[in-house]
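Asks:
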């Protein structure tokens with residue numbers, strides 16, 4: 189196997205990159221949630237603004253961020269009666 193990369197090494201690199209990408213997406217979605225909640229008076233208006241800026245449907249990373257942000261806003265809304 190001279191000159192070839194070990195399949196396990198490649199797989200481990202892919203896992204590392206995937207974990208890094210997931211972490212970045214999670215941090216980025218937290219920033220978006222904070223911004224939407226600060227700039228809107230209601231949770232509903234925050235979700236409406238998010239939906240108006242919905243990403244291209246065939247972009248998996250953008251859709252992942254969109255879905256995480258939507259879920260986080262809904263979680264905040266269900267855990268609080270009044271938006272502070």
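Numbering (the working numbering), first residue to last: 189 to 272.
Where is the CB? At the ideal position from N, CA and C, for every residue including glycine.
None of these values were measured; they are calculated from a predicted model.
1. Exposed or buried, which one is residue 199 when buried takes at least 16 other CB atoms within 10 Å?
2. If I measure Cβ to Cβ from residue 220 and keep anything under 6 Å in the same chain, skipping five residues before and after, which residues do I get?
3. Using the Cα positions of residue 251 and residue 225, report the straight-line distance between them to the nearest angstrom.
4. Report the rounded CA-to-CA distance for residue 215 versus residue 209, giving the unit in angstroms.
5. I'd like the list of long-range same chain contacts for residue 234, defined as Cβ closer than 6 Å, with 5 residues on each side in sequence excluded.
6. I need the boundaries of the alpha helix (DSSP H) containing residue 305, first residue and last residue.
Replies: Concretely, from the data shown:
1. exposed
2. 257
3. 20 Å
4. If you take the alpha carbons of residue 215 and residue 209, they lie about 10 Å apart.
5. 224, 225, 228, 261
6. The structure shown does not extend to residue 305, since the chain spans only 189 to 272, so no value can be given for it.
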